[in-house]
Amino acid sequence: MNPQELKSILSHGLLSFPVTDFNAQGDFHQAGYIKRLEWLAPYGASALFAAGGTGEFFSLAASEYSQVVKTAVDTCATSVPILAGVGGSTRQAIEYAQEAERLGAKGLLLLPHYLTEASQDGVAAHVEAVCKSVNIGVVVYNRNVCRLTAPLLERLAETCPNLIGYKDGLGDIELMVSIRRRLGDRFSYLGGLPTAEVYAAAYKALGVPVYSSAVFNFIPKTSMDFYHAVAREDYATVDKIIDDFFLPYLDIRNRKAGYAVSIVKAGAKIVGYDAGPVRTPLTDLLPEEYEALAALIDKQGPQ
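Once you know that position 210 of the sequence shown is 210 in this note's numbering, the rest is easy, because the numbers rise by one and skip nothing.
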């Protein structure tokens with residue numbers, strides 16, 4: 001799959017980031033991960049991202065990263081494209097990027113770099129170096145310390161033909177509008193704020209109809225129903241699902257830093273696809289929070 005083919009796929013539909021399975025000892029649990037991917041793939045997501053933020057990329061050793069990406073690629077070879085998360089320092093990100101390409105990933109999500117402080121030119125040089133190290137398509141994730149502006153993205157678009165996507169995790173509407181207007185159809189645009197469904201209708205109005213869903217990990221049918229409701233501008237359904245599920249879900253998620261991942265793993269366990277505990281420095285939900293989430297999921301009905 002060439003970068004432009006991947007760009008076309010990422011320009012439509014719902015995307016998701018499967019959690020990474022760990023066993024009771026905290027090691028990668030391949031059989032559980034395969035079972036998870038086989039369950040999720042038929043629901044209709046346009047692409048799945050292995051070892052992304054929800055997949056705890058930040059906690060994986062290099063050898064585990066290879067296992068996770070290879071398992072995802074092999075399991076989904078005939079069903080859905082796999083993109084792999086990459087990140088860290090520039091050299092580390094390049095090593096991960098080249099390994100993901102070697103293993104057959106169709107593209108990469110370039111997560112925020114490791115440095116806590118960097119100039120715009122430095123961040124752009126980091127993105128350019130990673131893009132030029134591979135031939136597959138790259139999506140850059142503007143979040144936290146990665147805050148590329150429209151002019152720099154335009155420059156990168158000229159020097160990196162395989163930079164085909166922009167994912168927004170900042171929620172800066174002015175910046176998002178400036179990037180969308182300046183770059184036009186050069187990129188596919190992805191909404192990437194935590195629990196992106198809450199912002200989906202607003203981002204669609206900005207020309208960003210695609211987003212990544214974390215809750216797809218445990219309520220895939222509801223996730224797809226919500227996506228289609230946004231796409232057809234059925235705001236009665238959108239509002240109902242936001243009121244009935246997402247607002248009370250956010251109430252649980254926002255209780256502790258890091259719960260954006262922890263709550264997804266808890267949801268997966270509740271519906272019978274236990275992925276094991278999160279790795280430190282994240283912490284799992286408290287028992288009362290877990291029970292509140294279970295009641296909320298139950299109200300969504302069979303998936």
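Ideal placement from N, C-alpha and C gives every residue a C-beta, glycine not left out. Please read all numbers here as calculations on a predicted model, not as lab measurements.
| Check | Outcome |
| --- | --- |
| Any non-hydrogen atom of the ligand GTP within 8 angstroms of Y43 CB | Because no ligand of any kind appears in the structure shown, any question about the ligand GTP cannot be addressed here. |
| Given I34 as reference, the closest of S213, A50 and G165 once Cα atoms are compared | A50 |
| Cβ-Cβ distance between L293 and G267 below 9 angstroms | yes |
| Whole-angstrom C-beta distance between T20 and A275, which should lie under 8 angstroms | 7 angstroms |
| Touching by the beta-carbon criterion (3+ pairs, under 8 angstroms), the stretch 22-29 and the stretch 163-183 | no |
| Integer Cβ distance of Y141 from P112, believed to fall under 8 angstroms | 6 angstroms |
| N- and C-terminal bounds of the alpha helix (DSSP H) containing K167 | Segment L163 to D168 is the beta strand (DSSP E) holding K167; no alpha helix (DSSP H) there. |
| 8 angstroms contact criterion, which T222 and I241 should meet: CB distance rounded | 7 angstroms |
| Residue from V271, L193 and Q4 with nearest C-alpha to L250 | L193 |
| Where G184 falls: helix, strand or coil (DSSP) | helix |
| Residue range of the unbroken alpha helix (DSSP H) whose run includes V230 | P220 to A231 |
| The beta strand (DSSP E) enclosing G87, as first and last residue numbers | I82 to G88 |
| Coarse secondary structure for R143, derived from DSSP in three states | strand |
| Helix, strand or coil at G137 according to DSSP, with G and I counted as helix | strand |
| Rounded C-alpha distance that separates L285 from F218 | 16 angstroms |
| Paired residues, beta bridge with F22 - DSSP | F28 |
| Sufficient close CB pairs (3 or more, under 8 angstroms) joining the stretch 197-213 to the stretch 25-32 | no |
| K299 burial status per 10 Å Cβ neighbour count (16 or more: buried) | exposed |
| Buried or exposed (CB count within 10 angstroms, at least 16 for buried), S119 | exposed |
| Boundaries of the beta strand (DSSP E) in which H12 is found, first to last residue | Per DSSP, H12 belongs to no beta strand (DSSP E) and is neither H nor E. |
| Beta-carbon separation (whole angstroms), L190 vs G165, contact threshold 8 angstroms | 6 angstroms |
| Own chain partners of E56 with C-beta closer than 8 angstroms, once the 5 adjacent residues on each side are dropped | V19, T20, V261, V278, R279 and L282 |
| Closest Cα partner of R186 within the set K265, S8 and T71 | S8 |
| Simplified DSSP assignment, three categories, for G191 | strand |
| Unbroken alpha helix (DSSP H) run spanning L153, endpoints | A150 to T159 |
| Reference A129, options L37, A231 and R91, closest by Cα | R91 |
| Helix, strand or coil at Y114 [DSSP, three-state] | coil |
| Proximity to D239 [Cα-Cα], best of V271, A202, I263 and P220 | A202 |
| For V145, the nearest candidate out of N135, K132, A196 and Y114 (CA to CA) | Y114 |
| DSSP bridge partner residues for L48 (one or two, in chain order) | S16 and I82 |
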